[in-house]
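S.K.: Using our numbering, read the sequence shown as starting at 250 and increasing by one per residue.
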Amino acid sequence: MSQEMRFFVIIVMVSLVTYFLKMVPSVFVSKLRITGFWQRFFDLIPYTALTALVFPGIFYCLGNENLYVAYAGSAVAVACSFVKLPAAAVVIIAVIAVYLLLVAFPA
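#1: Specify the secondary structure class of Thr-284 as computed by DSSP and reduced to three states.
#2: According to DSSP, simplified to helix, strand and coil, what is Ser-330?
#3: What three-state label does DSSP hand Ser-251 in the structure shown?
#4: Do Cys-310 and Ala-319 have their C-beta atoms within less than 8 Å of each other?
#5: When we look at the beta-carbon of Gly-312 and count the other beta-carbons within 10 Å, is it buried (16 or more) or exposed?
#6: Spatial neighbours of Ala-338 within its chain, please: C-beta separation below 8 Å, excluding the five flanking residues on both sides.
#7: Specify the secondary structure class of Ser-279 as computed by DSSP and reduced to three states.
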């Protein structure tokens, strides 16, 4: 079996396993009755997972020499979200704040 064929077989197998693992719970869980607390808990899991994956990257995307700029940018984003701005506005304002701080305080 060639190397390309092995990679293809691996990709197909991983795809099937992933599909199976996502399909089985959706078939069985859709028939369960869930109370309000648990429904809210399960609804918030995607946001929690996304936050856990993205949050560390906020501090290390600029490198170690610009760590304080990253802290300030994340503080601006948190402040904008507390004011209940739309998510797109929070991102745009935080990016502009980081850019201005990088221009004002180059490493």
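Think of the CB as a built atom: it goes at the ideal place given N, C-alpha and C, for glycine as much as any other residue.
M.R.: Considering the structure as presented:
#1: Numbered from its first residue, the sequence shown carries residue 284 at position 35. Coil.
#2: Walking along the sequence shown from the start, residue 330 turns up at place 81. The answer is helix: DSSP assigns Ser-330 an H, G or I state.
#3: Numbered from its first residue, the sequence shown carries residue 251 at position 2. Note: Ser-251 maps to coil in three-state DSSP.
#4: Along the sequence shown, one-based indexing puts residue 310 at 61. Along the sequence shown, one-based indexing puts residue 319 at 70. Yes, Cβ-Cβ distance for Cys-310 and Ala-319 is below 8 Å.
#5: Taking the sequence shown and counting its residues from 1, the one referred to as residue 312 is at position 63. That one is exposed.
#6: Within the sequence shown, residue 338 is the residue found at index 89, counting from 1. Taken in chain order, the residues that qualify are Cys-329.
#7: For this step, residue 279 is matched to residue 30 along the sequence shown. The answer is coil: DSSP assigns Ser-279 none of H, G, I, E or B.
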